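Data block below; observations after.
Numbering (my numbering), first residue to last: 17 to 147.
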């Protein structure tokens, strides 16, 4: 009986461990609501970047020389201007403004949701903090 119980525990543990997956998917990110204020870089912004931007702008692949994997590499007064979403290139591209290629590119990943766009704008407005 003890042997059977031991085998069941081992098999159950193996099943649980192999089915744990913390990969953030676009569906996961799109279902999360970013609040209207007190936007957290790590909790609200990074998951969107991971799901929709990192395939081209992180992990050794830096399209257009842009690395979005570290806060200090893009909150630089050009790509993101803390406190000024209207002058931040990141906002211009994710909104697909005239003269800027839409990001993410069509076919690469779904566009940011309206809530995500507002969240990014508010995060920048609040100072683009690394929190």
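Using N, Cα and C, we set each Cβ at its ideal position, and we do this for glycine too. Please read all numbers here as calculations on a predicted model, not as lab measurements.
- Exclusion of the five residues before and after residue 82 leaves 73 as the residues of its chain whose Cβ lies within less than 6 Å of its Cβ.
- According to the DSSP secondary-structure assignment, residue 73 is paired through a beta bridge with 78.
- Non-local C-beta neighbours of residue 144 in its own chain, meaning closer than 7 Å and more than five positions away in sequence, comprise 91, 96, 98, ordered along the chain.
- Beyond the five residues adjoining it in sequence on each side, residue 64 comes within less than 6 Å, by CB distance, of 45, 132 in the same chain, given in chain order.
- With fewer than 16 other beta carbons inside 10 angstroms of its own, residue 116 counts as exposed.
- Following the DSSP letters along the chain, one finds residue 116 in no alpha helix (DSSP H), marked with neither H nor E.
- Per DSSP, reduced to three states, the secondary structure at residue 84 is coil, with no helix or strand assignment.
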